[in-house]
Amino acid sequence: MELQCPKCDHELVRSGELKRHCENCHSDFKLHVACNECGDEIERLKACGAVSFWCNNCNELKSKSSAVYTLQNG
Ligand SMILES: [Zn+2]
Ligand SMILES: [Zn+2]
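For the sequence shown, my numbering begins at 319 and goes up steadily by one.
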């Protein structure tokens, strides 16, 4: 998944599991993953190498593609 820097539109590089870094303006971002239905933060689950997400509020499994990604400063 390619994300762009909200400040300069430069492509972000992965600097950690849920961290992204912009080499152009040297900003660090935290990736916030939310449920597409209720908007709550969802938990990342790793099973057999596949990544999926669990929403505690909806009480159901969410696919990677249905999750809503937002970037936060820091
Ligand atoms: Zn940038
Ligand atoms: Zn939910």
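Yeah, the Cβ is synthetic: ideal placement off N, Cα and C, and Gly gets one too.
*asked:* Going by beta-carbon coordinates alone, are E361 and F371 separated by less than 8 Å?
replied: yes
*What's the C-alpha gap between C366 and C340?*
31 Å
*What three-state label does DSSP hand C326 in the structure shown?*
In the structure shown, C326 adopts coil according to DSSP, grouped into three states.
*Quick one: give me the first and last residue of the beta strand (DSSP E) that G357 is part of.*
Boundaries for G357: no beta strand (DSSP E) harbours it, and the DSSP string shows neither H nor E there.
*Can you tell me whether K380 is buried or exposed, with buried defined as 16 or more other CB within 10 angstroms of its CB?*
Taking every protein chain shown into account, the CB of K380 has 16 or more other CB atoms within 10 angstroms, so this residue is buried.
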